[in-house]
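Colleague:
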Amino acid sequence: MADCVFCGIVSGSVPAFLVASDPAGLAFLDIRPVFKGHVLVIPRPHVVQLTDLPAPDLPAYFGFVQRIAAAVPLAMDAKGTFVAMNNIVSQSVPHLHTHVVPRTKGDGLRGFFWPRRKYDSDDEATAVAETIGKEYLRLSVAEGGRRE
């Protein structure tokens, strides 16, 4: 879709701090992260919400989300992740996306209040994206799976 920023990221016409690429989608840093290392995972085709994603695409997409959710805490020295998705309401970009947010006990995140932060610089964001991407690749190789 021509006016969708996430479709622009898929096509390469919109820059992003890319974490990982998979046939099922892309993973990149949220530019307004809840915590540093907050990743968005999107499917490659333009679909607005989860109910629009074709059923045959669900296993590959959620397998990709699962692998990113495994990589984020390892890369960010976190204890776990918060994985969430909005459908229409509170969906800032009308393209399906799954949030993978690093979590640590006592991090201050309560309920659905999402205070946003910024990276100190593009260099910091690039380093975080590369660190998570390396963990994703390491985990993928360990699983014996094929990844881009």
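Note that the working numbering has the sequence shown beginning at 11, numbered continuously upward.
In this text, a Cβ means the ideal position worked out from N, Cα and C, and glycines have one as well.
Nothing here was measured: the structure is a model prediction, and the numbers come from that model.
#1: Going by the CB atoms, is the gap between V51 and T114 shorter than 8 Å?
#2: Does the separation of the CB atoms of V24 and F38 fall below 8 Å?
#3: In terms of residues, what are the limits of the beta strand (DSSP E) holding L149?
#4: Buried or exposed: V151, going by 16 or more other Cβ atoms within 10 Å of its Cβ?
#5: For R54, which residues in the same chain have their Cβ closer than 6 Å to its Cβ, ignoring the five residues on either side in sequence?
#6: Compare the C-alpha of V93 against each of F27, G47, A26, C17 and name the closest.
#7: Taking only runs that begin and end inside the stretch 38-120, name each unbroken alpha helix (DSSP H) of 4 or more residues, in chain order.
#8: Would you kindly work out how many angstroms separate the C-alpha atoms of R42 and G90, rounded to a whole number?
#9: Beta strand (DSSP E) containing V20: first to last residue?
#10: Going by DSSP in three states, A30 sits in which element: helix, strand or coil?
#11: Given this structure, state the Cα-to-Cα distance separating D13 from G22, to the nearest angstrom.
Modeller: Checking against the coordinates, here is how it stands:
#1: Residue numbering aside, residue 114 sits at position 104 when the sequence shown is read from its first letter. Residue numbering aside, residue 51 sits at position 41 when the sequence shown is read from its first letter. No, they are not a contact pair.
#2: By one-based count along the sequence shown, residue 24 stands at place 14. By one-based count along the sequence shown, residue 38 stands at place 28. Going by C-beta atoms, V24 is not nearer than 8 Å to F38.
#3: As a first step, residue 149 must be located in the sequence shown, where it is residue number 139. No beta strand (DSSP E) contains L149, which is instead part of the alpha helix (DSSP H) from 132-153.
#4: Within the sequence shown, numbered from 1, the residue matching residue 151 stands at position 141. Burial call: exposed.
#5: Taking the first residue of the sequence shown as position 1, residue 54 is located at position 44. Same-chain partners within the cutoff: V20, G35.
#6: For the purposes of this step, residue 93 is identified with residue 83 of the sequence shown, where counting begins at 1. Cα-wise, what sits closest to V93 is G47.
#7: For the stretch 38-120, the full-length alpha helix (DSSP H) segments reaching 4 residues or more read 68-86 along the chain.
#8: Locating residue 42 in the sequence shown gives position 32, counting from the first residue. Locating residue 90 in the sequence shown gives position 80, counting from the first residue. Going by the C-alpha atoms only, they are around 20 Å apart.
#9: Looking up residue 20 in the sequence shown gives position 10. Segment 15-21 is the alpha helix (DSSP H) holding V20; no beta strand (DSSP E) there.
#10: Locating residue 30 in the sequence shown gives position 20, where the first residue counts as 1. Three-state DSSP puts A30 in a strand.
#11: For the purposes of this step, residue 13 is taken as residue 3 along the sequence shown, with counting starting at 1. For the purposes of this step, residue 22 is taken as residue 12 along the sequence shown, with counting starting at 1. Straight-line Cα distance between these residues: approximately 14 Å.
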